[in-house]
Amino acid sequence: MDTIRFEPGQVALFGYGSLLSVAALEETLGKSYRGPFVMSQLRGWRRKWEAAMPNQSYYTETAAGRMYPESILYLNIAPDTGTVLNGSVFAVSAEELCRIDEDESIYDRVEVGSSLETRVEGGPVYAYVCRPHYRKSEVSGPREAAIRSTYLDSVNHGLAALGEEFRTAYERSTDPVPKHLVIADQK
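Each step along the sequence shown adds one to the number in the numbering used here, with nothing skipped, and position 68 is 68.
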């Protein structure tokens, strides 16, 4: 089993969507990242397209004009005893954690270290899990909740850099993208 050691004051996060790449993490942090970035697995969790962030500004052009979805769907993880979820483990400071918490405002930070297949020394390991109030599993169409194509591009960019074996494991641990909800988003 791999071991990752963190500096005092750091915590580990498990990234499972757009944070599968260092580039996406750097965009989120607004600066370069030079810490550990290790691929690992989390036992007993599955990705789902159900985290519905209230839409503030994204739209798509339709024949009838601009359409603003009520919510934008992002990946979430949910307990699933039969699934092993792959993702990234990285370290952040308390200040960086506060910034990510703001970005992930519809999610709760949940301690998942005991389910991680990498040993982490020096601090807890968290993953973001969508709060029940913001979960939508039955969506009638993109007007109600849409998936941004730019978000999918970010996830796919991370997957492309990680290779075919990682992508195959990702697909086994992820519900299929509801393609009828994907929009060419603009802001």
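All C-beta atoms in this analysis are idealised placements derived from N, C-alpha and C, irrespective of residue type, glycine included.
Quiz item: Which residues in the same chain have their Cβ closer than 8 angstroms to the Cβ of LEU159, if we skip the five residues on either side of it in sequence?
Solution: LEU20, PHE166, ARG167, TYR170
Self-check item: For MET39 and LYS136, the rounded distance between their alpha carbons
Solution: 29 angstroms
Quiz item: Where does SER71 land, buried or exposed, given buried means 16+ other C-beta within 10 angstroms?
Solution: buried
Quiz item: Going by the beta-carbon positions, is the gap between ILE147 and VAL182 smaller than 8 angstroms?
Solution: yes
Practice problem: May I ask you to report which of helix, strand or coil DSSP gives THR228? | Solution: Only positions 1 to 187 of the chain appear in the structure, and residue 228 is not among them; the question remains open.
Practice problem: With DSSP as the reference, please indicate the residues paired to ILE106 in a beta bridge. | Solution: Bridge partners of ILE106: none, in fact.
Quiz prompt | Helix, strand or coil at ALA63 [DSSP, three-state] | solution = coil
Quiz item: Across which residues does DSSP place ILE147 in a beta bridge pair?
Solution: VAL182
Quiz item: Whose C-alpha, out of VAL84, LEU116, THR150, is nearest the C-alpha of THR3?
Solution: LEU116
Practice problem: Please classify GLU111: does DSSP put it in a helix, a strand, or coil? | Solution: strand
Practice problem: Just confirm the distance between the C-beta atoms of LEU29 and GLU96, as a whole number of angstroms; I'd bet it's less than 8 angstroms. | Solution: 6 angstroms
Quiz item: Going by the CB atoms, is the gap between ARG34 and GLY122 shorter than 8 angstroms?
Solution: no
Quiz item: When you compare each of VAL155, ARG46, LYS31 to ASN76 by their alpha carbons, which one comes out closest?
Solution: ARG46
Quiz item: Looking at the unbroken alpha helix (DSSP H) that takes in PHE6, where does it start and where does it end?
Solution: Segment: none, PHE6 is in no alpha helix (DSSP H) and carries neither H nor E.
Quiz item: Does the separation of the CB atoms of PHE14 and ALA127 fall below 8 angstroms?
Solution: yes
Practice problem: From the DSSP output, in three-state form, read off VAL38 for me. | Solution: strand
Exercise. Could you have a look at GLU50 and say whether DSSP puts it in helix, strand or coil?
Key: strand
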